[in-house]
Every structure is written in C-alpha cells, then in structure tokens.
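Protein chains in written order, with our numbering: chain A, 12 to 121; chain B, 12 to 121.
Reading through the structure tokens given below for one structure.
Protein chains: 2
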Amino acid sequence: MLHPDPGQIELPLVLAALSDPTRLSIIRQLAEDGESMCRRLDFASKSNLSYHFAKLREAGITRTRIEGTARYISLRRDDLDARFPGLLDSVITAAAAYPRIMEAEPVNGK
Amino acid sequence: MLHPDPGQIELPLVLAALSDPTRLSIIRQLAEDGESMCRRLDFASKSNLSYHFAKLREAGITRTRIEGTARYISLRRDDLDARFPGLLDSVITAAAAYPRIMEAEPVNGK
DNA sequence: GCCATTGTTCAGCAAAATTTGAACTAAGAA
DNA sequence: TTCTTAGTTCAAATTTTGCTGAACAATGGC
C-alpha cells in the first residue's frame, strides 16, 4: 500500500490521475463528504474501482486507511496544497461547475 | 485547424493535455514568453511537436495563428480562466516550482 | 469450522496515446 | 523555376490505459 512522500508527489502524475472522469467523480465525492468508505464510491466495478483507487493513491492525491475489513479514503489536501498551491481546489471547483460526471449509469459490480 | 469554443472546453481533456511533460514544458514557455513561434518551442522532433500542439489546441489550452509560413502559439488564458478559474495559474505555478521539466536533452528534428 | 463482506491482484484484451520517419503542402527568397 | 523554411499528415510500431472476470486474502459473524 504505497503512499508517496509529500516531496515525491509529481505534477504530471497528479494531472494524469485527475484527467479521468471516474477519478474526478471520486475526488468530487471525497471533497464533499470527507473521508469515505470505498464501498460508498461505487462509480465502477469493484476491480476497476480498485484500479482507480491505486492510481489516485500512487499519485499522492488520496490516502487509504484500513479499518477492519473496510477501507477509508480521503484527500491529501494538506500535502497537495503545500506542493501545488491552489491546484486541487481549482480542479474540484472546475469539476463541480462541470456537467455532472458519470452518475447517469452507476455500474455496480453486482 | 480546430479551436473549441470556450464553452466546449472540457476538464478531463484539459487535464490530460496538461499531464504530459513535453506539453507542460510548452505551456511553461508560453506563460513566460507570451505568444511564441512554434519553431522556438523545440522540445521534441518536428512531427512529434505538431502532435503535441494539436493536443493542446484541441483541448482548448492554446490558440494557433498562421502568419506567412510561421505559426504562432499562445495560451487561451481568458477562456480557460473563465471556464476553470485558477486552474491554469496553479498548474503553471506548480510546473515552475517543479524541477525543470525536459530540457536536459532537447531532441531537435535535425 | 463455514460463510459473507470488502477489497486486492492477476492475466488478458481492446482502445487510446506516444513516437518515428517519410511524404507532403504552403510561403517566400533567389 | 528552384530551393529553403516551417509545419502538417499519414502509416506503422510501441507503450500505456482502462476494463473485465476470476482467483485470492483478510476480517468478522454465525
């Protein structure tokens, strides 16, 4: 379970991670609700979500915490703001102004 | 020579366009120098640059103007700021704070 | 122990992105 | 006209992404 150090967070990776509609939806939800259980973020199939969570985590955008059998995900706001001031906020604002992303047809793994 | 209307500029496309180191270098140079001749932006081979210019243009990040045999490229700051406030500035600032991107080995098409 | 829940990991695949080199177009100078 | 400059476009090759389904691991309840 990799979490890059704050100083290792790289801009191209962060932007690439944010450029996917599914991941933007996740980010947006996390920005609204704060730390969330993975289960709540059902924007795709289970294994596909796991893939997107890994992308976000490895880019340094989210932090994952394990508690019992559940995972909790949250934004690394402080780390991101310190390294790239204003970036996360502007993306979240942009995503909110943007026509609703990927919630028309939630593809639940079941 | 496509230039999307301001209202057609889409967040995922913009972020994807910005997530490439070569294109970040171009953006950075444009932010420093303002409108520039394509020729000055030699961060890759000619045909590869043409590809990156098209990506930036189609994402709505840059505008290309033809004058004689030369092309002039500039940032669509106003359009981007109107649609996604603060985004471009934070990316440019982040790119500047970031260790120098792709200038170690300029690959000139000649 | 068995079972359900929660999520990861893997192999495989299709689609998209990136890069290269060659051919091409257009404008201007000689 | 011929040549050079500036840049696009195309086909082909490679790499990277995104997605799926199946198998797997770990926790907690019965």
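Yeah, the Cβ is synthetic: ideal placement off N, Cα and C, and Gly gets one too.
_Counting only Cβ pairs nearer than 7 Å, list the residues of chain B close to residue 17 of chain A._
In the first sequence, the residue the question calls residue 17 of chain A occupies position 6. Result: empty, since nearest Cβ-Cβ is about 13 Å, beyond 7 Å.
*Going along the chain, which residues of the segment 84 to 110 of chain A sit with their C-beta nearer than 8 Å to a C-beta in chain B?*
94, 95, 96, 97, 98, 100, 101, 102, 104, 105, 106, 108, 109
*When you compare only the Cα positions, how much space is there between residue 33 of chain B and residue 103 of chain A?*
Working through the second sequence from its first residue, we reach residue 33 of chain B at position 22. Working through the first sequence from its first residue, we reach residue 103 of chain A at position 92. Computed Cα separation, rounded: 25 Å.
*Kindly indicate if chain A contains any beta-carbon less than 7 Å away from that of residue 36 of chain B.*
As a working mapping, residue 36 of chain B is identified with position 25 in the second sequence. Chain A contact via Cβ: absent.
_Nearest to residue 78 of chain B (by Cα), restricted to the options B:101, B:91, B:48_ = Translated into the one-based positions of the second sequence, residue 78 of chain B becomes position 67. Nearest of B:101, B:91, B:48 to residue 78 of chain B, Cα basis: B:48.
_Buried/exposed call for residue 56 of chain B, threshold 16 Cβ in 10 Å_ = Stepping through the second sequence from its first residue, residue 56 of chain B is reached at position 45. Looking at its Cβ environment, which holds fewer than 16 other Cβ atoms inside 10 Å, residue 56 of chain B is exposed.
*Does the segment 91 to 102 of chain A come close enough to the segment 35 to 54 of chain B to have 3 or more Cβ pairs within less than 8 Å?*
no
*Alpha-carbon spacing of residue 36 of chain A relative to residue 58 of chain B, whole angstroms*: Your numbering for residue 36 of chain A matches position 25 in the first sequence. Your numbering for residue 58 of chain B matches position 47 in the second sequence. The straight-line gap from Cα to Cα measures roughly 35 Å.
*asked:* Below 7 Å on C-beta distance, what does residue 29 of chain B contact in chain A?
replied: Along the second sequence, one-based indexing puts residue 29 of chain B at 18. Within chain A, the residues near residue 29 of chain B are 26.
*Throw me the rounded Cβ distance for the residue 64 of chain A and residue 75 of chain A pair, which I believe falls under 8 Å.*
The residue you call residue 64 of chain A lines up with position 53 of the first sequence. The residue you call residue 75 of chain A lines up with position 64 of the first sequence. That belief holds up - the Cβ atoms of residue 64 of chain A and residue 75 of chain A are roughly 7 Å apart, short of 8 Å.
*When burial is assigned at 16 or more other CB atoms within 10 Å of the CB, is residue 108 of chain B buried or exposed?*
Sequence index remark: in the second sequence, residue 108 of chain B carries index 97 (1-based). Flag for residue 108 of chain B reads exposed.
*Taking all protein chains shown into account, decide if residue 51 of chain A is buried (16 or more other Cβ within 10 angstroms of its Cβ) or exposed.*
By one-based count along the first sequence, residue 51 of chain A stands at place 40. That one is exposed.
*Tell me whether residue 67 of chain B is buried or exposed, calling it buried when 16 or more other Cβ atoms sit within 10 Å of its Cβ.*
Within the second sequence, the letter at position 56 stands for residue 67 of chain B. The residue is buried, with at least 16 neighbouring Cβ atoms inside 10 Å.
_Does any residue of chain A have a CB that is nearer than 7 Å to the CB of residue 55 of chain B?_
Taking the second sequence and counting its residues from 1, one reaches residue 55 of chain B at position 44. So no, residue 55 of chain B is outside the interface.
*Considering only the beta carbon of each residue, do residue 29 of chain B and residue 69 of chain B sit closer than 7 Å?*
Counting from 1 along the second sequence, the entry for residue 29 of chain B is found at position 18. Counting from 1 along the second sequence, the entry for residue 69 of chain B is found at position 58. No; because the gap between Cβ atoms is not below 7 Å, this pair is not in contact.
*How would you list, in chain order, the residues of chain A whose beta-carbon sits under 8 Å from the beta-carbon of residue 22 of chain B?*
Within the second sequence, the letter at position 11 stands for residue 22 of chain B. Going along chain A in sequence order, the residues near residue 22 of chain B (Cβ under 8 Å) are 35, 102, 105, 106, 109.
*asked:* Comparing C-alpha positions only, which one of A:87, A:15, A:25 sits nearest to residue 105 of chain B?
replied: The sequence position of residue 105 of chain B within the second sequence is 94, counting from 1. The candidate whose alpha carbon is nearest that of residue 105 of chain B is A:25.
*Pick helix, strand or coil for residue 61 of chain B, following the three-state DSSP scheme.*
Position 50 of the second sequence, counted from the start, is the residue given in the question as residue 61 of chain B. Looking at residue 61 of chain B - three-state DSSP - the assignment turns out to be helix.
*Please confirm whether residue 101 of chain B and residue 41 of chain A have their CB atoms less than 7 Å apart.*
Locating residue 101 of chain B in the second sequence gives position 90, where the first residue counts as 1. Locating residue 41 of chain A in the first sequence gives position 30, where the first residue counts as 1. The answer is no: Cβ separation not under 7 Å.
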